[in-house]
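Notes follow once the structure below has been shown.
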Amino acid sequence: MERIASKKTLVNVLGVVYFHSRTSDGGDLYLTRFAEPYHEHFEVENWYEKDWFNAHKTRLIGTSSVYKVPTKEVAGKHLDLVVKNCRVGEDVPIDTHTLQEFCDAEFNSPWEEFSLVMELRENLYGPREMKMDTQLPMAIYVPPEKMQAWQSGRSRTRINRIRAKHPGIDLDILKQYKLIYEWIKGKSIREVFEYIDINNDEMIPHLKILSARAHGDLNKKGYLVADMKPEHVIISEPDVKLIEETGRSQEINAYKKQVEILYSLVHDGRFSLIDYELLLRTTEHEEAVKYSRRHSYLDDQRHRFDPSPLPAHLSYMEIFGVPYLYGHAESTGGRLWVVGRNPHLFDYFLPERWRKTPSLKLSGSKEVFYTITKDNIHLVWETSRIGEMPVGDEEGSGDPKVRQYGINSPFEEFAIAHTLNKIGIPAVYVRAIYMTGSTKIEASTDVRKYEAHRDLLDPEGNPVLQERHNYITIRGYYNGPDQWVAEHEEALYTPIDLSKAAYRGIINEADIGRFLADVKESLKQNGFDGSSLKANDLLLAIDESGEVMKNGSGEPQVIICNFELIWKIPEDPGKVKN
């Protein structure tokens, strides 16, 4: 087999860091931290080579294709693996009772499944003294071949629903995803009953009780499985031997002692849970996760500029005086720049957290949306108009300043916002810049900014501003100063632009002109041209009683929310300064 040169990179998908590499057959391999020390064992020729796999695989009980297979020996050691095909997008074959209780159940995507298993293993929710054992999630392998649509068994509607739930996740309906777990030595509780001398009629009630007990423990930890079965509960090999030996004893009614031991093991949580394709959080846990992440987010934002050690998959860089954390949005193939030096903030802005959550369009002429992310964070995201020259009735089409300076790049916008807040001119907080992985269709009509930015490179040596990609700017939904918001989560302000404030009678038309003139003058005195700003580019903040937030002088605080048409006044008026 011809080897393909592979470069291992660190990627983060749904909070799990993987070591990603191309395999010798042209596929993709994602190793977790548990598998990385044995990376040679996971090279496809050491476990998935056709003759080896077919000769050594053992099919396991279940409705899906699940196999136990040993790897070849590497450095005198082999690993026993469990390999299963991910059934994302397929029909869920569960019984009527389960179907009624979990009518919306869908198979997890490979990334969701590993993320939930990792989370369960971390033991951060529910009683700390109760720990749920699982198989070690080792790797996700994506073979290079594509299936025919009829072969996949997947529903495009289901795949689209999963993409809507986790929109940043890249799922190919025609590709297989193989999940690889560590093999656990032991037996399922159904298999354990093979060592106990009772008939099926007696066994079935015990299986139901024991399964319910295991599921109850899982529920206490904040999770559930939509099709919990006795086959999913594994008793360790030493405990199985104890039960087997008890049955061989000469005790009268030894089988009763065996059943007591089994109940004791499950009651004490001495079992492992396997099969996670229908694992999900309980409603209470899901809400707690959202609240916790929002609380942590607000605290992290207060400390966003504090220098912190970086994980290997992130890099630090500065563009136009703004510090950024740079990394890949692996789920979409995009790139992400998050303002600040606090690495805890990066995951909040990955596209799967905000891109397709329910949103409200804020402008009739631009792609600007307000959304509440999956972490319960209020954000505004906007598709940058970089490279466009507005025409017709587009905003700025008749503005000579737009033709003179051009629409700002996302990095220029953020530099302006960052500077304005530093010098005391209130502006909304800029949070992150996302470059899409997909190639944009429309050609740029104004390439000046791309040319001016061509020497600005990311840590991998690529231009930060690339004409063939779209850019999305992410800013805070202004509900008060960051420090204040972190201390007043339950009584936040609501932003409203000047035009809407006048329409609602909060201010009058004369106030609009006065506030707009004051902001433009303040910008001019500090070396910025804000002459193109309009009333809907400025915000007021309103509290629950309808009162407007005031500045130190007792006047309404006016906040700038649009930076694409504010320019730094160049020293030479005939030349654009970037």
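The sequence shown begins at 62 in my numbering and counts up one residue at a time. By construction, the Cβ of each residue, glycine as well, lies at the ideal position given by its N, Cα and C atoms.
Residue burial is scored here from C-beta neighbours: Thr497 has at least 16 other C-beta atoms within 10 angstroms and is therefore classed as buried. Annotated three-state conformation of Thr84 is coil, per DSSP. Only exposed fits Val508, as fewer than 16 other CB atoms lie within 10 angstroms of its CB. The alpha helix (DSSP H) runs of length 4 or more contained entirely in the region 397-483 are, from start to end of the chain, 461-466 and 471-483.
Burial check for Gln311: the Cβ neighbour count within 10 Å stays below 16, so the residue is exposed.
Annotated three-state conformation of Lys501 is coil, per DSSP. Annotated three-state conformation of Pro98 is helix, per DSSP. With respect to the 8 Å criterion, Ser560 and Ala602 are not classified as neighbours on the basis of their beta carbons. Non-local C-beta neighbours of Leu517 in its own chain, meaning closer than 8 Å and more than five positions away in sequence, comprise Ile380, Phe472, Pro524, Val525 and Leu526, ordered along the chain. Listed in chain order, the non-local C-beta contacts of Glu608 below 8 Å within the same chain number zero, local neighbours out to five positions each way being set aside. Membership of Asp89 in any alpha helix (DSSP H) is not indicated; the residue belongs instead to the beta strand (DSSP E) covering Asp89 to Leu92. Checking the DSSP bridge columns, you'll see Asn73 partnered with Val78. For Arg182, the secondary structure class from DSSP, reduced to helix, strand or coil, is helix. With a cut-off of 8 Å on Cβ pairs, the region 322-332 is in contact with the region 285-296, counting three or more such pairs.
Rounded to whole angstroms, the gap between the alpha carbons of Val253 and Lys269 is 14 Å. A direct Cα-Cα distance of roughly 15 Å separates Leu440 from Phe475. With fewer than 16 other Cβ atoms from the protein chains shown falling within 10 Å of its own Cβ, Leu421 counts as exposed. In the DSSP annotation of this structure, the continuous segment of the beta strand (DSSP E) that includes Ile296 starts and ends at Val294 to Ser297.
DSSP places Pro556 in the uninterrupted beta strand (DSSP E) bounded by Thr555 to Asp558.
Looking at the DSSP output, Met378 bridges to Tyr385. Around the C-beta of Leu185, fewer than 16 other C-beta atoms lie within 10 Å, and the residue is accordingly described as exposed.
For Arg189, there is no enclosing alpha helix (DSSP H), as DSSP marks it with neither H nor E. Beta-bridge partners of Thr534 (DSSP): Glu443 and Ile494. For Val619, the three-state secondary structure derived from DSSP is coil.
Ranked by Cα distance from Leu92, the options Ala315, Arg309 and Tyr79 are led by Tyr79. If you check the CB distance, Ser593 and Val463 come in under 8 Å. Remark: C-beta atoms of Gln237 and Asn146 approach each other more closely than 8 Å. The secondary-structure analysis by DSSP pairs Arg342 across a beta bridge with Tyr284. Of the other Cβ atoms in all chains shown, 16 or more fall within 10 Å of the Cβ of Phe576; this residue is therefore buried.
In the three-state reduction of the DSSP assignment, Trp113 falls in the helix class, which pools H, G and I. Fewer than three Cβ pairs drawn from the region 305-324 and the region 403-416 lie within less than 8 Å of each other, which leaves the two stretches out of contact. If you compare the alpha carbons of Ile447, Arg416, Met450 and Arg148 with that of Lys435, the shortest gap goes to Arg416. The beta-bridge partner set that DSSP reports for Ala390 consists of Gly395. Per the Cβ contact rule, the region 194-207 is not in contact with the region 358-373 (fewer than 3 Cβ pairs under 8 Å). For Ser325, the enclosing alpha helix (DSSP H) starts and ends at Ala315 to His328. Residue range Pro198 to Val203 is occupied by the beta strand (DSSP E) that includes Ile201.
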